[in-house]
Amino acid sequence: MAPPRRGKRFGWLLFGTALLLILTILFTLRTPDNVRDVGGDRNVERYPIQIVQIQLRVMESFPVQGVADVRGIIPDACSSAREPEVTRSDNTFTIKIIGERPRDRACAQVIREYQRNIPLGALQPGDYVLHVNDVTTRFHID
Numbered sequence: 002m003a004p005p006r007r008g009k010r011f012g013w014l015l016f017g018t019a020l021l022l023i024l025t026i027l028f029t030l031r032t033p034d035n036v037r038d039v040g041g042d043r044n045v046e047r048y049p050i051q052i053v054q055i056q057l058r059v060m061e062s063f064p065v066q067g068v069a070d071v072r073g074i075i076p077d078a079c080s081s082a083r084e085p086e087v088t089r090s091d092n093t094f095t096i097k098i099i100g101e102r103p104r105d106r107a108c109a110q111v112i113r114e115y116q117r118n119i120p121l122g123a124l125q126p127g128d129y130v131l132h133v134n135d136v137t138t139r140f141h142i143d
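Numbering-wise (this note's numbering), the sequence shown opens with residue 2 and increments by one.
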């Protein structure tokens, strides 16, 4: 008498389900959709981190000093933020905050907060523009 074939089908069904579950987990742990490479190293992905909030603090000193309090989001457990790059052209400040992570590495999607106080230097009275990645704010110094 031949053994029933139901057990063999069940084994393949269990194998297929396990394979589908593994592929789903790997797909979920992939690089976030907003990551784009802005650097030159083939083993590292670089991307502008998402900025959530910018606040300007004015220090009561002479001359008046400004500090940009920046809050953002680091999208996964493998990413880290590089040192901010600050440039100034007349009354316009541009701050680039770049995140980086190893390329082709599965990372847990654990959102972490980025918080940094970035000195802007001496500010004369007038109107200013502050760009931090894709967020822009304007402020006035009396």
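Cβ atoms here follow ideal geometry from the backbone N, Cα and C, with glycine treated the same way.
In whole angstroms, give me the CA-to-CA distance for residue i and residue j.
{"i": "GLN110", "j": "PRO76", "result": "6 Å"}
{"i": "PRO85", "j": "PHE63", "result": "25 Å"}
{"i": "THR88", "j": "VAL130", "result": "12 Å"}
{"i": "ASP135", "j": "ILE99", "result": "12 Å"}
{"i": "GLY127", "j": "THR138", "result": "14 Å"}
{"i": "ASN44", "j": "GLU101", "result": "10 Å"}
{"i": "PRO103", "j": "ILE112", "result": "16 Å"}
{"i": "GLN56", "j": "ASP91", "result": "20 Å"}
{"i": "ASP143", "j": "TYR48", "result": "36 Å"}
{"i": "MET60", "j": "LEU121", "result": "11 Å"}
{"i": "LEU30", "j": "SER80", "result": "The predicted position of LEU30 is uncertain, since its pLDDT is 47 and thus under 50; no value can be drawn from it."}
Could you pull the start and end residues of the beta strand (DSSP E) that residue i belongs to?
{"i": "PHE63", "result": "PHE63 -> no beta strand (DSSP E), and no H or E assigned at all."}
{"i": "GLU114", "result": "113-123"}
{"i": "GLU84", "result": "Counting along the chain, GLU84 falls outside any beta strand (DSSP E), and DSSP gives it neither H nor E."}
{"i": "PRO76", "result": "Run containing PRO76: none; DSSP gives neither H nor E here."}
{"i": "ASP128", "result": "127-133"}
{"i": "ARG106", "result": "Where ARG106 is concerned, there is no enclosing beta strand (DSSP E), given that its DSSP letter is neither H nor E."}
Thinking C-beta only, is residue j closer than 8 Å to residue i?
{"i": "GLN66", "j": "LEU124", "result": "yes"}
{"i": "TYR115", "j": "ALA82", "result": "yes"}
{"i": "HIS132", "j": "PHE94", "result": "yes"}
{"i": "ARG106", "j": "VAL71", "result": "no"}
For the putative contact between residue i and residue j, defined by C-beta atoms under 8 Å, what is the C-beta separation to the nearest angstrom?
{"i": "GLY73", "j": "ILE96", "result": "11 Å between Cβ atoms; not a contact."}
Is it buried or exposed for residue i, if we count other Cβ within 10 angstroms and need 16 for buried?
{"i": "THR32", "result": "Since pLDDT at THR32 reaches only 45, below the 50 mark, its modelled position is unreliable, and the value read off the structure follows with that caveat. THR32 should be labelled buried."}
{"i": "GLU46", "result": "buried"}
{"i": "ALA69", "result": "buried"}
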